[in-house]
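For the sequence shown, the positions run 13 to 124 when my numbering is used.
Cβ atoms here follow ideal geometry from the backbone N, Cα and C, with glycine treated the same way.
Since we're looking at a predicted model, the values are computed, not measured.
Reading through the structure tokens given below for one structure.
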Amino acid sequence: MTIFKKIIEGEIPADIVYEDEHCLAFRDVNPQAPTHILLIPKKEIASMAEAAQEDQNLLGHLLLRAKDIAAQEGLSKNGFRLVINTNEMAGQTVYHLHIHILGGRAMAWPPG
Ligand code: 5GP
């Protein structure tokens, strides 16, 4: 079981900022920006590489909730970044699909 599944199950604590029947958002334990939130589906999808056509509505839901959470955190005007690290070379470490919501500082491009 991944660490994120344990957070969904309430087996390990997290600083939860949003929850509904499909997804959960909580603050990253090792923040890379003043605001760093992880938004995850409750459905166990290992990575974007494993997402299926049947996940279309869920993925759309996640993006819209990410936008709402960014707004809730006061990031809309200045901007924010959504990141989905996918598999090893992209730096994915937890194999439960998650969107990083990052904001509160200027972001460099290209990403590292
Ligand atoms: P990835 O590298 O897979 O894209 O992102 C995984 C993220 O999960 C990292 O930013 C890491 O800090 C975060 N993380 C790992 N374990 C925990 C945990 O137990 N609690 C929280 N809140 N974040 C975690």
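Three-way DSSP call (helix, strand, coil) for residue i in this model
{"i": "residue 85", "result": "coil"}
{"i": "residue 34", "result": "coil"}
{"i": "residue 109", "result": "coil"}
{"i": "residue 115", "result": "strand"}
Nearest-angstrom beta carbon gap, residue j and residue i [assumed within contact, 8 angstroms]
{"i": "residue 17", "j": "residue 108", "result": "6 angstroms"}
Endpoints, alpha helix (DSSP H) assigned at residue i
{"i": "residue 19", "result": "15-20"}
Contact test: residue i Cβ vs the ligand 5GP heavy atom, cutoff 7 angstroms
{"i": "residue 103", "result": "yes"}
{"i": "residue 69", "result": "no"}
{"i": "residue 39", "result": "yes"}
{"i": "residue 106", "result": "yes"}
{"i": "residue 74", "result": "no"}
{"i": "residue 50", "result": "yes"}
{"i": "residue 82", "result": "no"}
{"i": "residue 58", "result": "no"}
{"i": "residue 78", "result": "no"}
{"i": "residue 8", "result": "Only positions 13 to 124 of the chain appear in the structure, and residue 8 is not among them; the question remains open."}
Sequence-distant residues of the same chain with beta carbon closer than 7 angstroms to residue i, five excluded per side
{"i": "residue 67", "result": "57"}
{"i": "residue 29", "result": "37, 38, 39, 49, 81"}
{"i": "residue 60", "result": "96, 98, 109"}
Neighbourhood of residue i by C-beta distance below 6 angstroms, restricted to the same chain and skipping five residues each side
{"i": "residue 40", "result": "48, 50"}
{"i": "residue 95", "result": "112"}
Residues near residue i in its chain [Cβ-Cβ closer than 8 angstroms; skip 5 each side]
{"i": "residue 14", "result": "56, 106, 107, 108"}
{"i": "residue 46", "result": "115, 116, 117"}
First through last residue of the beta strand (DSSP E) which encompasses residue i
{"i": "residue 24", "result": "Counting along the chain, residue 24 falls outside any beta strand (DSSP E), and DSSP gives it neither H nor E."}
{"i": "residue 47", "result": "47-53"}
{"i": "residue 95", "result": "92-95"}
Below-8 angstroms beta-carbon distance, residue i vs any chain C residue
{"i": "residue 41", "result": "Absent here is chain C; the protein component of the structure consists of one chain."}
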